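For reference, the structure discussed in these notes is given below.
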Amino acid sequence: MITVHLMKQIISSWQQRLLDLKDRFIKYQTQKYIFLLSIIAVIVYFAVYLLYSFCQYPQLILNQASLYGEQSQNLKDFEIEGKGIRSTSSDPWIEYHLDQPVKIKVIELDISGVSEKELKGEIFDTDTWNSVTYHVKNGKLHVFFHDRENLEKENLRFDLVESSSTYLEVAQITINSRYGLFCRVLKYMLLSMIYLSIYETVLFILYDYIKNNSAGFKRKKVASLICIAAPFAFMTDLLYLILFRSVRDSLMFRMYLLILISMLMLIVHMENSRKESIILEFTGVFLSACLSVGIAEILSGIEYNFENPGALLLNILLAMLPALILYCIIRNVKWAITVSHVLIFIIAVINHYFYQFRGNPLELSDFLLVGTALTVIGNYEFKISQELFFCLIFEFCVIYCVMSADRKTVKRSGFLVSLSLSCLILLMGTLYTPPVSYWNMVATTQSYGYISSFVAYAKHDMIHRKPAGYSRENVFNVLEQYEFKQENQMTEEYPNIIVIMNESFADLPETYGFATAEDGMPFIHSLTENTIKGTVLTSVFGGSTANTEYEFLTGNTMAFLSEGNVPYVQFVKSEQESLVHDLNVLGYQTIAFHPCAAGNYNRNKVYPLLGFEKFITEEDELLHTENLRTYMSDQTDFLNLIDIYERRDRTRPFFLFNVTMQNHGGYSHYKSEVDVTVIPESEKLRSAQLLEYLSLIRTTDSAFQTLVEYFEKEDARTMILMFGDHQPGLDTGIYDDMLQIGEPALSERSELSYITPFVLWTNYDLESEDNILTSPNYLRTMLLEQAKIPFSSYDRFLSACQKKYPAINCMGYYDASGSFHPAEDLLESYGMLWEYWLLQYANMFDRSIWK
Numbered sequence: 021m022i023t024v025h026l027m028k029q030i031i032s033s034w035q036q037r038l039l040d041l042k043d044r045f046i047k048y049q050t051q052k053y054i055f056l057l058s059i060i061a062v063i064v065y066f067a068v069y070l071l072y073s074f075c076q077y078p079q080l081i082l083n084q085a086s087l088y089g090e091q092s093q094n095l096k097d098f099e100i101e102g103k104g105i106r107s108t109s110s111d112p113w114i115e116y117h118l119d120q121p122v123k124i125k126v127i128e129l130d131i132s133g134v135s136e137k138e139l140k141g142e143i144f145d146t147d148t149w150n151s152v153t154y155h156v157k158n159g160k161l162h163v164f165f166h167d168r169e170n171l172e173k174e175n176l177r178f179d180l181v182e183s184s185s186t187y188l189e190v191a192q193i194t195i196n197s198r199y200g201l202f203c204r205v206l207k208y209m210l211l212s213m214i215y216l217s218i219y220e221t222v223l224f225i226l227y228d229y230i231k232n233n234s235a236g237f238k239r240k241k242v243a244s245l246i247c248i249a250a251p252f253a254f255m256t257d258l259l260y261l262i263l264f265r266s267v268r269d270s271l272m273f274r275m276y277l278l279i280l281i282s283m284l285m286l287i288v289h290m291e292n293s294r295k296e297s298i299i300l301e302f303t304g305v306f307l308s309a310c311l312s313v314g315i316a317e318i319l320s321g322i323e324y325n326f327e328n329p330g331a332l333l334l335n336i337l338l339a340m341l342p343a344l345i346l347y348c349i350i351r352n353v354k355w356a357i358t359v360s361h362v363l364i365f366i367i368a369v370i371n372h373y374f375y376q377f378r379g380n381p382l383e384l385s386d387f388l389l390v391g392t393a394l395t396v397i398g399n400y401e402f403k404i405s406q407e408l409f410f411c412l413i414f415e416f417c418v419i420y421c422v423m424s425a426d427r428k429t430v431k432r433s434g435f436l437v438s439l440s441l442s443c444l445i446l447l448m449g450t451l452y453t454p455p456v457s458y459w460n461m462v463a464t465t466q467s468y469g470y471i472s473s474f475v476a477y478a479k480h481d482m483i484h485r486k487p488a489g490y491s492r493e494n495v496f497n498v499l500e501q502y503e504f505k506q507e508n509q510m511t512e513e514y515p516n517i518i519v520i521m522n523e524s525f526a527d528l529p530e531t532y533g534f535a536t537a538e539d540g541m542p543f544i545h546s547l548t549e550n551t552i553k554g555t556v557l558t559s560v561f562g563g564s565t566a567n568t569e570y571e572f573l574t575g576n577t578m579a580f581l582s583e584g585n586v587p588y589v590q591f592v593k594s595e596q597e598s599l600v601h602d603l604n605v606l607g608y609q610t611i612a613f614h615p616c617a618a619g620n621y622n623r624n625k626v627y628p629l630l631g632f633e634k635f636i637t638e639e640d641e642l643l644h645t646e647n648l649r650t651y652m653s654d655q656t657d658f659l660n661l662i663d664i665y666e667r668r669d670r671t672r673p674f675f676l677f678n679v680t681m682q683n684h685g686g687y688s689h690y691k692s693e694v695d696v697t698v699i700p701e702s703e704k705l706r707s708a709q710l711l712e713y714l715s716l717i718r719t720t721d722s723a724f725q726t727l728v729e730y731f732e733k734e735d736a737r738t739m740i741l742m743f744g745d746h747q748p749g750l751d752t753g754i755y756d757d758m759l760q761i762g763e764p765a766l767s768e769r770s771e772l773s774y775i776t777p778f779v780l781w782t783n784y785d786l787e788s789e790d791n792i793l794t795s796p797n798y799l800r801t802m803l804l805e806q807a808k809i810p811f812s813s814y815d816r817f818l819s820a821c822q823k824k825y826p827a828i829n830c831m832g833y834y835d836a837s838g839s840f841h842p843a844e845d846l847l848e849s850y851g852m853l854w855e856y857w858l859l860q861y862a863n864m865f866d867r868s869i870w871k
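Offset between the sequence shown (1-based) and my numbering: plus 20.
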């Protein structure tokens with residue numbers, strides 16, 4: 021009954037307000053004319069903008085013949101069936117290269133024959149790997165790009181469906197379809213008119229409210245100026261959105277905020293009885309949370325895309341939580357809402373600048389960087405953007421509305437309701453976590469909303485498998501047993517060290533035991549002098565390169581971390597014990613080289629924390645730039661490596677860590693993009709993917725030969741270590757065939773997918789070894805031992821642990837007898853493995869121990 025009475029009161033109040041508004045529009049002719057002139061200005065503006073779009077974005081039509089290629093070579097995991105194509109895997113695509121770079125705003129897909137529902141597709145710009153998703157359905161689909169930079173695109177990839185055995189007919193694809201551009205402009209024009217109507221209506225109401233409740237000429241004059249300035253503010257804001265932002269999402273959030281602020285103004289000034297006060301108070305909390313979500317999304321720079329309504333509700337509930345908890349503690353509804361709202365607003369503002377400077381949304385773990393941020397904050401330029409100015413105005417409006425309400429203390433019934441809702445939301449937040457991705461945090465945030473994603477990433481970041489019995493005393497007791505001894509200090513000159521972590525480098529014929537007509541790694545297999553060779557047991561397959569890299573550089577293992585953890589993104593927020601720091605102490609010049617984007621896996625942030633003095637990437641001026649497929653070839657990479665070496669500081673020993681790119685995934689499914697030089701004897705294994713991959717490894721072997729031959733002639737003592745980060749991401753069927761036909765190197769089948777080779781070579785005398793089984797976390801210790809470099813306490817421990825447990829990864833570990841133990845035994849074991857876990861946890865999360 022209370023709810024019905026309240027609704028009647030709200031409806032009656034709004035009816036009266038609408039009638040008053042009508043009278044005021046008639047009375048105040050200036051407001052009416054401003055409104056009409058604004059509508060006309062919007063229509064004229066969008067008409068001009070449509071003509072501009074037609075000139076700026078040329079139309080290109082791709083029919084089936086040009087789209088598929090003359091011999092269907094553009095199709096990957098699609099087979100032609102009748103007039104259409106059918107997907108043969110869950111990740112099919114069409115690659116298309118435009119004759120010349122073109123600015124793209126919309127792509128029209130003319131699709132038919134699809135019988136399944138709830139399918140998604142994606143279109144990539146493979147030069148930047150920006151992408152846009154869409155729902156697959158029959159008819160003409162318009163997919164819009166929203167690049168702020170408005171970059172020209174040349175290479176496209178159409179992931180038409182994300183499902184296997186799906187049939188569809190693609191009549192044609194039209195880039196910058198005239199009809200699509202017209203629909204886009206028309207949609208934005210209608211949205212803008214709605215936005216204009218709400219925008220000016222709210223401001224006119226505010227004008228009347230101030231005028232009728234303010235004494236003095238000056239205040240009334242200010243109200244009039246606000247009303248007159250409204251359309252100009254609107255046009256400026258709209259122009260900014262069209263030129264620099266995604267208009268649809270930005271306008272929707274602005275309308276969302278305007279409507280909510282109007283409702284909040286109505287509720288807080290509504291007269292009510294005691295029975296109705298609890299309902300109104302919680303309605304105020306809910307509306308305040310909705311406003312917090314809207315402001316957080318506008319400031320995030322990557323607004324929620326409205327494709328998942330459930331995620332929006334979760335964001336609102338999470339935004340309500342701090343207000344409800346404060347509601348229980350301080351028993352004052354006004355201050356509970358205000359403090360909660362200001363808290364979320366502050367986080368949103370920090371995220372606003374953080375996203376501008378780093379390109380990723382703010383996480384809870386990033387607050388660990390506060391000390392570092394304060395030291396470099398002067399290097400950044402902080403400007404009040406249009407979004408921030410817009411949201412600041414709304415923030416003041418919210419605080420004014422809440423604090424002017426005549427409600428103070430929470431009654432007992434309100435306290436119980438607040439406590440119950442808080443517990444319910446906490447339970448929901450505990451049980452439900454969006455499937456966030458650390459590979460593309462921007463896309464995740466856009467799909468699930470900023471507040472929801474912030475909480476989800478926080479949950480992931482706080483999942484630290486802490487060893488039982490962990491204490492600083494126990495850590496110091498372990499370290500004391502392996503205390504660094506000065507008598508091991510070496511007097512002769514340290515060798516130069518070059519470490520190459522080769523992308524997707526694996527010896528599949530050796531690992532899976534199948535024969536090829538030609539040796540795929542003839543040079544590496546022929547090395548017998550001054551060489552140590554063997555296999556590395558990694559913790560990743562087909563991707564997550566940075567995890568293998570992290571294990572090698574730090575000596576830590578992914579075995580003690582949770583599935584899905586990416587330490588470079590989640591945990592390396594301050595200096596960590598690393599091989600690089602140890603070499604810096606010994607006077608080494610330390611350089612990292614990766615011929616790709618510096619920001620991949622946060623390397624540009626992580627490498628300085630691990631101790632690297634310099635990081636060279638594709639963004640630097642490199643002497644050699646030749647590519648194989650779309651990545652820098654290993655031959656070119658190693659030539660650049662030699663160039664970096666020749667320009668080194670010759671007064672210091674030299675350390676270079678190189679992460680290559682040549683063998684990265686994206687192998688052709690129909691025709692190899694490289695000359696086929698390695699062919700399996702079994703016809704069943706002669707798929708285009710495997711032929712291309714094996715031939716790529718053959719070029720890596722040849723490039724490594726060039727590198728070794730160069731350093732054979734060098735007088736300076738040099739050590740080169742090369743190992744693979746993971747096996748390639750080939751189709752599952754290929755691995756099934758290799759297992760069926762070959763004779764695997766390991767009896768433990770679960771470990772086969774994690775084996776890659778390593779080779780350590782020196783241009784000076786070294787006792788050769790072969791068939792060594794190890795893991796990335798131990799490779800650094802092996803490197804130091806062979807270079808006769810003194811061990812740190814941590815390395816002394818790792819060396820001892822390696823003798824007892826020579827290989828360890830996320831699946832389990834091998835003991836000295838060669839027996840394999842699953843991961844469950846690892847986490848339940850005590851002794852040296854437990855000590856390893858203690859030291860790693862201290863290194864990652866208790867840095868004061870290592871200072």
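All residues carry an ideal CB built from backbone N, CA and C; glycine is no exception.
Given the structure is predicted, the values throughout are model-derived calculations rather than measurements.
G607 to I471, Cα distance in whole Å? If you draw a straight line from the Cα of G607 to the Cα of I471, it is about 46 Å long.
C-beta contact flag for L741 and L780 at 8 Å: yes
Classify E169 as helix, strand or coil using the three-state DSSP reduction. The predicted position of E169 is uncertain, since its pLDDT is 48 and thus under 50; a value taken from the coordinates is nonetheless stated next. E169: coil per DSSP, three-state reduction.
CB L858 to CB F817, shorter than 8 Å? no
Within-8 Å CB hit, Y834 to chain E: Absent here is chain E; the protein component of the structure consists of one chain.
Collapsed DSSP secondary structure at M318 in the structure displayed: For the sequence presented, residue 318 should be read as Ile rather than Met. In this structure, I318 counts as helix in the three-state DSSP scheme.
Does the structure place the stretch 101–112 close enough to the stretch 123–130 that three or more beta carbon pairs sit under 8 Å? no
Answer yes if the stretch 699–716 comes into contact with the stretch 543–558, meaning at least three C-beta pairs across the two stretches below 8 Å, and no otherwise. no
In terms of alpha-carbon separation, which member of Y154, L384, T303 and S320 lies closest to K7? A query on residue 7 cannot be resolved here, the shown segment of the chain reaching from 21 to 871 and no further.
Where the beta strand (DSSP E) containing D119 begins and where it ends: W113 to K123
Closest Cα partner of S107 within the set F144, T794 and V190: V190
Enclosing alpha helix (DSSP H) for K824 [first to last residue]: S813 to K824
Counting C-beta neighbours from all protein chains within 10 Å, is the total for R667 16 or more, i.e. buried, or is it exposed? exposed
What does DSSP give as the partner residues of W781 in its beta bridges? T551 and I740
Short of 6 Å in beta carbon distance, which residues of its chain neighbour H614, apart from the five on each side in sequence? Order them along the chain. Shown here for H614: same chain residues with a beta carbon closer than 6 Å to its own, the five before and five after excluded, namely T637 and V679 in chain order.
Quick one: any contact between the stretch 586–599 and the stretch 528–545, if contact means 3 or more CB pairs under 8 Å? In short, these stretches do not touch, since the Cβ pair count stays below three.
Starting from the C-beta of H372, find all residues in its chain whose C-beta is less than 8 Å away, skip the five residues before and the five after it, and write them out in chain order. L319, S320, G321, S405, E407 and L408
Nearest-angstrom Cα distance between F632 and F178? 39 Å
How about N829 and Y784: do their beta carbons lie closer than 8 Å? no
Supposed close pair H746, G562 - CB separation, criterion 8 Å: The C-beta distance from H746 to G562 rounds to 6 Å, short enough to fall under 8 Å.
Apart from the five residues on each side of it in sequence, which residues of its chain come closer than 8 Å, Cβ to Cβ, to L82? Excluding residues within five positions, the ones whose Cβ falls inside 8 Å are Y116, Q192, I193, T194 and I195.
With a threshold of 7 Å (Cβ to nearest heavy atom), would L311 be considered close to the ligand ZN? With respect to the ligand ZN, the structure shown offers nothing to examine, as it has no ligands at all.
Within 10 angstroms of its Cβ, does Q760 collect 16 or more other Cβ (buried), or is it exposed? exposed
F915 and N660: beta carbons closer than 8 Å? Residue coverage of the chain in this structure runs from 21 to 871, which leaves residue 915 outside it and unanswerable.
Just how far apart, CA to CA, sit E641 and L599? 27 Å
Helix, strand or coil for A476, going by three-state DSSP, please let me know. Correct three-state label for A476: helix.
Nearest-angstrom Cα separation, counted from D602 out to N797: Their backbone Cα atoms lie some 15 Å apart in a straight line.
Can you give me the start and stop residues for the beta strand (DSSP E) that V589 sits inside? Not the beta strand (DSSP E): V589 falls in the alpha helix (DSSP H), residues P587 to Q590.
Applying the criterion that 16 or more other CB atoms from any shown protein chain within 10 Å of the CB defines a buried residue, is G851 buried or exposed? exposed
Can you tell me which of the three DSSP states G851 falls into? coil
Please classify G753: does DSSP put it in a helix, a strand, or coil? Collapsing the DSSP output to three states places G753 in a helix.
Whole-Å CB distance - G133 paired with V156, under 8 Å assumed: Their Cβ separation, rounded to whole angstroms, is 11 Å, which puts G133 and V156 out of contact at 8 Å.
Should G330 go down as buried or exposed, given a rule of 16 or more other Cβ atoms within 10 Å for buried? exposed
I'd like to know whether the C-beta atoms of N791 and E597 end up nearer to each other than 8 Å. no
Report yes if the CB atom of P777 is closer than 8 Å to the CB atom of F743, and no otherwise. In this structure, P777 sits near F743, with a CB-CB distance shorter than 8 Å.
One or two residues paired with S151 in a DSSP bridge: F144
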